Amino acid sequence: MKDLLLNSLKKDSILKGDFVLSSGETSNYYIDARINTLSSNSLGYVADIFYKQITEANLDIVGGPSIGADPIVGAILYRAYMDKFVFKAFIMRSNEKEHGTQKRIEGPDISNSSIAIVEDVVSTGSSITKTVKELKNRGCSIKLILSIVDREMGAIERFLKEGLEYRPIFKISELL
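The letter at position 33 of the sequence shown is residue 1023 when you use the numbering used here, and the numbering goes up by one with no holes.
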């Protein structure tokens, strides 16, 4: 399964050119993992890999920053449903919405919970760190951070320093 996902990422998601990353850094390549997470086979592989790690950690709440986490979270919820497990999920908006409920965190109340965070691609870890901060302000404990690809731009060291367990499926050096 992991090999199939790796082949799919290499074939479909590596773009060459000049790109500005969410961290503000520039790069001559871009990993567009949404091509994979919006494809049934690849998303299924990701969901199975993450679901196994989340359940082994005895967690049942998963979420992450929108938009990279959105399809992954949905697939993990469905995977839990198929196993007759009850999971909760959340999506973290980059900004509080200005209409309706004006929420920054969408989903059921997850205050004071133990949580797994998922993301498609992680560079410096700044998006995840913002999510962690917001969740900790709500009394949550972050037990696990999972990503499809780590770009090896400092996130591993950052999360280690913050005492956060981080498990990428792949490092960028495995894709290039």
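Where a beta carbon is used, it is the ideal one built from N, C-alpha and C, also for glycine.
Since this is a predicted model, take the numbers as computed values, not measurements.
Inset, instruction - Tell me whether Pro1098 sits in a helix, a strand or coil according to DSSP, three-state version. - result: coil
Inset, instruction - Can you give me the Cβ contacts of Arg1157 inside the same chain, cut-off strictly under 6 Å, excluding the 5 residues immediately before and after it? - result: Leu1136
Inset, instruction - Can you tell me which of the three DSSP states Val1076 falls into? - result: coil
Legend entry - CA-to-CA distance, Glu1155 to Lys1161, given in whole angstroms: 15 Å
Inset, instruction - Please state whether DSSP places Ile1201 in a helix, a strand or coil. - result: Nothing can be reported for residue 1201: it is not among the residues displayed for the chain, which extend from 991 to 1166.
Inset, instruction - On a CA-only basis, which of Ser1104, Lys1093, Ser1013, Ser1030 is nearest Ile1118? Give me that one, please. - result: Ser1013
Legend entry - Continuous alpha helix (DSSP H) stretch holding Ser1056: start and end: That residue, Ser1056, is in no alpha helix (DSSP H); it is neither H nor E in DSSP.
Legend entry - Three CB pairs or more closer than 8 Å across the region 1030 to 1039 and the region 1053 to 1062: yes
Inset, instruction - State the Cα-Cα distance for the pair Pro975 and Glu1164, rounded to the nearest angstrom. - result: Residue 975 falls outside the range modelled here, since the chain spans only 991 to 1166, and no answer is possible.
Legend entry - Selection from Phe1080, Thr1045, Gly1153 that minimises the alpha carbon distance to Thr967: Outside the modelled stretch of the chain, which goes from 991 to 1166, sits residue 967, for which no answer is possible.
Legend entry - Leu1125 to Leu1005 span [Cα, whole Å]: 33 Å
Legend entry - CB of Gly1129 within 7 Å of CB of Ser1101, strictly: yes
Legend entry - Candidates Ala1037, Gly1153, Gly1097, of which the one nearest Tyr1071 by Cα: Ala1037
Legend entry - Sequence-distant residues of the same chain with beta carbon closer than 7 Å to Leu994, five excluded per side: Tyr1035
Legend entry - Continuous alpha helix (DSSP H) stretch holding Ala1023: start and end: No alpha helix (DSSP H) holds Ala1023; DSSP gives it neither H nor E.
Inset, instruction - Return the residue from the list Ile1107, Ile1051, Glu1015, Asn1026 that minimises the CA-CA distance to Lys1123. - result: Ile1107
Legend entry - Per DSSP, cross-strand counterpart(s) of Asp1140: Val1112, Lys1161
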